[in-house]
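Count the sequence shown with mature numbering (1 follows the signal peptide of the UniProt record, and there is no 0) and you get residues -36 to -1, 1 to 83, in order.
All C-beta atoms in this analysis are idealised placements derived from N, C-alpha and C, irrespective of residue type, glycine included.
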Amino acid sequence: MTIRRGVTVLKPTTTRAVALATLALLWIGHTTTAVAQEPANVGKGQQYFDKVCAKCHETGVGPVLKGRDLPEATYIIIARLGRNAMPAFRITDIDDDTLVAVARYLAGTPKNPDQGATP
Ligand code: HEC
């Protein structure tokens, strides 16, 4: 009900909130399936990360993301909204399915004990 009202108002922030809510639901849907069941998705996530995110996140431009033990939702939300020097990734940059796959890939990377939390 609330979502419907938000869409008719068509404020950009509301639309974005609805998009994020939809994405969150998609993410929840994904987490209810066993990780090992979607090898194709895991591959897709790693591929996109290596091709795009790693250009900053494995080169010192952005903080290391692997082995951080962050929840999947953190990667999804920050990628969609952007943060300071990090650009927002629109649906035309990365579709929801691929972004969920990236988040799952990163959340599943082995924990790195040397990697501290972000200050
Ligand atoms: C153009 C460079 C660039 C690209 C490409 C990029 N990031 Fe970032 N990212 C950054 C920077 C810089 C920060 C630090 C932002 C800040 O100041 O808080 C960051 C921060 C983050 C954080 C928060 C980490 C923390 O420790 O607070 C996450 C999560 C993240 N990025 C995910 C991603 C994902 C997922 C992708 C690929 C879809 C991606 N980023 C692509 C530059 C980039």
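1) Just checking I58 against the ligand HEC - is the residue's beta carbon closer than 7 Å to any of the ligand's heavy atoms?
2) Can you tell me which of T(-24), P74, K75, L70 puts its alpha carbon nearest to the alpha carbon of A37?
3) Using the Cβ count rule (16 or more neighbours within 10 Å means buried), how would you classify L45?
4) Considering just the uninterrupted stretch of the alpha helix (DSSP H) at V66, what are its terminal residues?
5) Identify whether P32 lies in helix, strand or coil by the three-state DSSP scheme.
Looking at the coordinates:
1) Stepping through the sequence shown from its first residue, residue 58 is reached at position 94. Yes, the Cβ of I58 comes within 7 Å of a heavy atom of the ligand HEC.
2) Against the sequence shown, residue 37 aligns to sequence position 73. Closest by alpha carbon: L70.
3) In the sequence shown, counting from the first residue as 1, residue 45 sits at position 81. The residue in question, L45, is exposed, as its Cβ has fewer than 16 Cβ neighbours within 10 Å.
4) Position 102 of the sequence shown, counting from 1, holds the residue named residue 66. 60 to 71 is the span of the alpha helix (DSSP H), which, as asked, contains V66.
5) Looking up residue 32 in the sequence shown gives position 68. Looking at the sequence shown, residue 32 is not Pro but Arg. Of the three classes helix, strand and coil, the one that applies to R32 here is coil, per DSSP.
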